[in-house]
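Each residue of the sequence shown is one higher than the one before, counting from 67 in my numbering. C-beta atoms are modelled at their ideal positions from N, C-alpha and C, and glycine is treated no differently.
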Amino acid sequence: MEGSSSMLDAEAVADLVLLDPLTEESLVQTLQERFRRRDIYTYIGNVVISVNPYQSLPIYTPEKVEEYRNCSFFAVKPHIYAIADDAYRSLRDRDRDQCILITGESGAGKTEASKLVMSYVAAVSSKGEEVNKVKEQLLQSNPVLEAFGNAKTVRNDNSSRFGKYMDIEFDFKGEPLGGVISNYLLEKSRIVRHVKGERNFHIFYQLLAGASPQLLQQLKLRQDCGHYGYLDREGSSLPGMDDAANFHAMQDAMRIIGFSPTEVTELLQVTAVVLKLGNVQLSSSFQASGMEACSISEPQELHEICELIGLEPGTLERALCSRTVKARDETVLTTLTVPQGYYGRDALAKNIYSRLFDWLVKRINASIQVKSDKQRKVMGVLDIYGFEIFQDNGFEQFIINYCNEKLQQIFILMTLKEEQEEYVREGIQWTPVEFFDNSIICNLIENNTTGILAMLDEECLRPGVVNEDTFLTKLNQLLATHKHYESKETQNARRVTDASLPPRCFRIHHYAGKVTYNVTGFIEKNNDLLFRDLSQAMWAAQHALLRSLFPEGDPQKVSLKLPPTAGFQFKSSVAMLMKNLYSKNPNYIRCIKPNDTKSAMVFTPELVLAQVRYLGLLENVRVRRAGYAFRQLYGPFLQRYKMLNAQTWPRWDRGDREGTEVLLAGLEFPAEELAFGHTKIFIRSPRTLFDLERRRQERVAELATLIQKMFRGWRCRTQYQRMRKSQILISAWFRGHRQKNQYKQMKRSVLILQAYARGWKSRRLLRELKSQCRRHAAATTIAAHWRGYQARKTYRKYFRSSASTCLANFIYRSLCKKYRDQLSASRRAQLQARLCASELFKDKKTLYPKSLQQPFRGEYLGLKQNPKYQKLHAVAKDKLVLADSVRKVNRASGKTVPRLLLLTTEHLVLADPKAAQPKTVLSLSDIRGVSVTRFSDGFLALHLKEVSTVGAKGDFLLVSDHLIELVTRLYQTFEATTGQALPLHITDRFSTRFPKGDVSITVVESPKASTNGPVCKKKGSNKMEVLVY
């Protein structure tokens, strides 16, 4: 066993092997103290004890998975992840098949423990699409089996009513390949009856709560649980459990595992048949012979069952109400009484459900089992009932406790075997350990001739009157002298008085205590009898799944051989399980229920003590600590305790074993307390270990004090050196600062003296200059007055003649202002346009004087009046400035084509006059200039920027009848929009940019030109001549 500080808390040791003193009270007290600290896991060597907290704890996060991944088993706090990791790594790295045995009574958390083990293995194993699919199928088998195999009991809301053993198979890399599930002893009697306050199996409530109305109608079910006799009519809902959500989760799990929709439907149909069988009511009648007979009182339920399974109602009714008995060559049909009919009905329901559960397990195995034949490793997980002692113990408790006796036997033998192997491996002398060998109890139950199960089978097969009394009498005769068996008769024979042992009971002294069993029902439950008529009726059904569950009903394969008894089947299953477990390395998880009320973090010592006895924990500790209680590798042991010896502290350079021997020799422990193995040190008594730990804590305190002292000295020295360095630095800076201030003061004083000296000299110079200036100013003033006098004298005679001219100018300007104030906004804008045109074209273009007689109208097309042009008006979304018809010069041929020109506040649009569709839409910012001639023509060139909204079309050549107005409006709009003046060129020669290159244009006055407009002629590829009139 590896050691760590978390193991050695004397008040709550994490490993009960180190508990001192070892008593039941100290063991329970340790568990209670750890439970109070929310440490629900405790070790007994490599056995994990799990106390159910009945609440979620934050100890199963992905971070926790990483913490326990590939760690030493005892290097961290006890956890179920530690045993799962140890088992997985032993399987993967050491090629040893593993099994994890999870035991405990109902409500102790066995099912959750098995889920945690499987989820941890799934989390730490390799990732991959196929691997993830296998892991998901293995994990999703839990919701399906829980739905059909779990139920609410008075002790547990999700109690497993069957034993489960799953073999998870891995490849050589540790990747899961699949698995195989085995089930043991399903509590099928719960189908027909259960204790008040408990529920039937979850699937019935989930089906009624979660199925859709269409599915319920298909299954001929109602949603009301109180309608069905096999369900708890008082309360079907369970606080904290959502049956509808669990039903959908179960359906999803079946889909992931690989169930087909047909298989799911057939499975639910058989489940509905079981549920509806409980509503088949029988009534009593008498035949003519006077014999009692039974009949179906409400045929509706029977007919619905037959519709579901495809069977004639008469066939099922005959099978439920009568029985065929074969005697030699004769076949006799006998009627059944009402109690016999109900027995047959309930037996049929139990057999259908039990066989359906077996089929479900086989179907899951078919999906998750490994298909390939390659070599594989196996990890088994056993989740089975713990030891049970109730007020009234029957056949089920007898079978369960027999299984636990076998598990206790394998635990003791495997633990001792592991201990002995480790002693031999380490070279330590093995001393045989005295312990209670429970093989005598196992033999009492399973012996083939004198065992209780053998005698029970013999009684079931014996002809004549057979009941529990004859069975008990036979037990008393054969086992009267057995020291682990007693009954009322054997006590009387020994003259022992014991009021706690009632009649019709026997008592067995199990390893966990004495258990009294009531033999009532032993014969019936062991026989597990189903009338042949009912098997044949199920075989006659057309329902494929139900038919496959009853192969013995085939008339062609009628066998008079009795089926094996329940006890024989379970004994065979346990024998196979034991053989399987013996072939693997075992790991144990013992689950404990802390209270009966399922309250969070409540610990009842009396209840826990009883479970400690049932689980044999005290015996486990005694076997584990027989010989040496503590062992650890030399390296970690020396690393932990080397400070206790001056020779090994602070550093040991030689071998770990030699260092451990030197260390312990200096501590003077008795020789019998220590043993040195090949790789480990063995310590016999926990008291020695705690003494070692106490000395270590004291030494650690001394070393901590020394480290603190050294640290404080270092800190003070460092602080002093820092302070001294800082003081020197501050002094240097202060002296420099003081010298700088003195220098600045001296410089300021010198500057003041210089300023005063310069001021004095400047003032003296200023006085001299002012004196000269005053003399000069006086002479100038006198001269000015004289010249003024001469001027006034000369021009006085002309003043009156120019006064009339000044007055006339004033009156003219006043009238002009009055006229301007009376102008409207449109008239003012028109005059401003005229003024702009004058500034642009006056004395520059011959056409300008002719344009003075034409008013600037702006809109020449009649857009509003002409419906054809209204959509053009819609294209120009901004304000319209000018609308006119122009002619566009073809760049290739020089010919002109008509176009409509629309000028708005932001765009210039050229449109086709026939279709009234825009051809070109230019943004004003795309225009870089305009060129016109100096003649009286309407020709202009519109120069565009190289990058514009129309792409690389180049400049436009246009001819307009209202050229002056067009250019003026364009100039004003361009300036208002861009804030810049539009470049206007009035010249006879200018260059234009076309897509195929620049073209030089020359404008010539010629009589050959038409009066209607200019004539354009191409002169080569890059020249054009324009003739104007």
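Sorted by chain position, which residues of the same chain lie with C-beta nearer than 6 Å to residue i's C-beta, five sequence neighbours on each side aside?
{"i": "ALA277", "result": "none"}
{"i": "SER1066", "result": "SER1057, LYS1089"}
{"i": "LEU669", "result": "Before going on, a small fix: residue 669 reads as Phe here, not Leu. Within the same chain, PHE669 has close Cβ partners GLN98, PHE101, PRO660."}
{"i": "GLN353", "result": "ALA359"}
{"i": "SER248", "result": "TYR231"}
{"i": "PRO569", "result": "LYS554"}
{"i": "ALA546", "result": "THR556"}
{"i": "GLY376", "result": "ALA607, GLN608, HIS609"}
{"i": "LYS1085", "result": "GLU1091"}
{"i": "VAL952", "result": "ARG965, LEU967, LEU1024, SER1026"}
{"i": "ASN224", "result": "ASN216"}
{"i": "GLN903", "result": "The sequence given here has Ala at residue 903, not Gln. Result list for ALA903: ILE1030, THR1034, in chain order."}
{"i": "PHE922", "result": "GLN896, ALA899, GLU1031"}
{"i": "VAL398", "result": "VAL391"}
Give a yes or no on whether the C-beta atoms belonging to residue i and residue j are separated by under 8 Å.
{"i": "VAL83", "j": "ILE110", "result": "yes"}
{"i": "ASP599", "j": "THR631", "result": "no"}
{"i": "LEU683", "j": "TYR707", "result": "no"}
{"i": "ALA432", "j": "GLY344", "result": "no"}
{"i": "HIS576", "j": "GLU685", "result": "no"}
{"i": "ILE574", "j": "LEU510", "result": "yes"}
{"i": "GLY1004", "j": "HIS1051", "result": "no"}
{"i": "PRO379", "j": "CYS387", "result": "no"}
{"i": "LEU628", "j": "LEU527", "result": "yes"}
{"i": "CYS165", "j": "GLY446", "result": "yes"}
Can you give me the start and stop residues for the beta strand (DSSP E) that residue i sits inside?
{"i": "ASN584", "result": "579-584"}
{"i": "TYR694", "result": "That residue, TYR694, is in no beta strand (DSSP E); it is neither H nor E in DSSP."}
{"i": "VAL532", "result": "No beta strand (DSSP E) contains VAL532, which DSSP labels as neither H nor E."}
{"i": "GLN164", "result": "164-169"}
{"i": "PHE1060", "result": "1055-1060"}
{"i": "CYS902", "result": "Note, CYS902: premise wrong, no beta strand (DSSP E); alpha helix (DSSP H) at 891-907."}
{"i": "GLN983", "result": "983-989"}
With a cut-off of 8 Å on the beta carbons, I'd call residue i and residue j a contact; round off their distance for me.
{"i": "LEU382", "j": "LEU368", "result": "6 Å"}
{"i": "ILE149", "j": "VAL187", "result": "About 11 Å separates the two Cβ atoms, so there is no contact after all."}
{"i": "VAL210", "j": "ALA319", "result": "5 Å"}
{"i": "VAL687", "j": "LEU88", "result": "6 Å"}
{"i": "ASP992", "j": "LYS1011", "result": "6 Å"}
{"i": "ASP944", "j": "THR912", "result": "Not confirmed; about 34 Å, so no contact."}
{"i": "MET604", "j": "PHE616", "result": "4 Å"}
Can you tell me where the alpha helix (DSSP H) holding residue i begins and where it ends?
{"i": "LEU1023", "result": "Per DSSP, LEU1023 belongs to no alpha helix (DSSP H); it is in the beta strand (DSSP E), 1022-1026."}
{"i": "MET480", "result": "461-492"}
{"i": "PRO242", "result": "Careful: PRO242 lies outside any alpha helix (DSSP H), inside the beta strand (DSSP E) at 242-250."}
{"i": "LYS342", "result": "327-343"}
{"i": "HIS1051", "result": "Taken as a continuous stretch (DSSP letters only), HIS1051 belongs to no alpha helix (DSSP H), being part of the beta strand (DSSP E) at 1050-1052."}
{"i": "VAL427", "result": "404-434"}
{"i": "LEU729", "result": "722-733"}
{"i": "ILE375", "result": "365-375"}
{"i": "CYS387", "result": "379-387"}
{"i": "ASN661", "result": "Looking at the DSSP string, ASN661 is not in any alpha helix (DSSP H), and its letter there is neither H nor E."}
{"i": "TYR1037", "result": "1029-1044"}
{"i": "PHE669", "result": "Note, PHE669: premise wrong, no alpha helix (DSSP H); not H, not E."}
{"i": "SER614", "result": "610-614"}
Taking only heavy atoms of the ligand ZN into account, decide whether any of them is closer than 7 Å to the Cβ of residue i.
{"i": "SER172", "result": "This structure simply doesn't include the ligand ZN, nor any ligand for that matter."}
In chain order, what residues of the same chain lie with their CB nearer than 8 Å to the CB of residue i, ignoring the 5 residues before and after it?
{"i": "GLN272", "result": "ALA213, ASP309, ALA310, ASN312, PHE313, MET316"}
{"i": "LYS1062", "result": "SER1087"}
{"i": "ILE322", "result": "GLU202, GLN203, GLN206"}
{"i": "LYS591", "result": "SER255, GLY460, PHE461, GLU462, ALA632"}
Output needed for residue i: all residues of its chain with C-beta closer than 7 Å, excluding positions within five of it in sequence on either side, in chain order.
{"i": "GLY1071", "result": "At residue 1071 the sequence reads Glu, which differs from the Gly that was named. The answer, listed in chain order, is PHE1001, VAL1094."}
{"i": "SER665", "result": "TYR120"}
{"i": "VAL340", "result": "ILE257, ALA415, ILE418, TYR419"}
{"i": "PHE1022", "result": "LYS954, LEU1008"}
{"i": "LYS916", "result": "SER1002"}
- Item | Complete runs of the alpha helix (DSSP H) confined to the region 268-317 [at least 4 residues] | Counting only runs that start and end inside the region 268-317, the alpha helix (DSSP H) elements of at least 4 residues fall at 268-276, 279-285.
- Item | Within the region 152-235, ranges of the beta strand (DSSP E) (whole runs, at least 3 residues) | 164-169
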